[in-house]
Amino acid sequence: MGTIEEYRPLITDGGTNFQTNYCDERPVQAIARALSAVENTPAEDMPPFYQYADPDAMNRLMETARDSNQDITVEMAIEDYNITVDSDGTISISDLGGCSEDSE
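Mind the numbering: the sequence shown is residues 20 to 123 in this note's numbering, read in order.
Printed below as a string of structure tokens:
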């Protein structure tokens with residue numbers, strides 16, 4: 020398995036929205052890597068993914084969709100973040116708070 024530096028970078032919009040791709044790793048690994056980067060915490064210190072969703076099912080769903088050219092999007096909340104995983108290989112992370120008080 021490669022190091023974090025070998026994978027696609029985590030891109031931010033300058034705020035609380037982040038995006039990355041998972042083309043050479045399993046979706047659940049990419050989610051863990053992205054959350055680890057967002058939280059600036061080692062991946063092994065993050066809560067296990069299985070507390071939020073079935074990791075094997077997530078990997079199978081996204082890999083099957085990608086291999087059969089199906090468009091699937093899964094959204095879930097993990098800790099303080101909304102995670103969107105697309106079968107095209109895109110993972111988006113946004114703060115669950117989303118809106119600031121100034122935007123009301």
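Note that CB positions come from ideal geometry on N, CA and C, so glycine has one too. All of these numbers come straight from a predicted model, not from anything done at the bench.
In this structure Arg-79 is exposed. Its beta-carbon is surrounded by fewer than 16 other beta-carbon atoms within 10 angstroms. Distance from the Cα of Thr-39 is smallest, within the candidate group Gly-108, Tyr-100, Leu-115 and Pro-61, for Gly-108. Within the same chain, Cβ atoms closer than 7 Å to the Cβ of Tyr-71 are found at Met-95 and Ile-97, the five residues on either side in sequence being excluded. Proximity to Arg-45 across Ile-112, Gln-89, Tyr-100 and Thr-83 peaks at Thr-83, based on C-alpha coordinates.
Spatial neighbours of Ser-106 in its own chain (CB-CB distance under 7 Å, excluding positions within 5 residues in sequence) are listed in chain order as Met-81, Ala-84, Arg-85, Gln-89, Asp-90 and Ile-91. Take Ala-49, set aside five residues on each side of it, and the residues of its chain with a beta-carbon closer than 6 Å to its own are Tyr-41 and Ile-110, in chain order. Assignment of Glu-94 by DSSP, reduced to helix, strand and coil, places it in the strand class.
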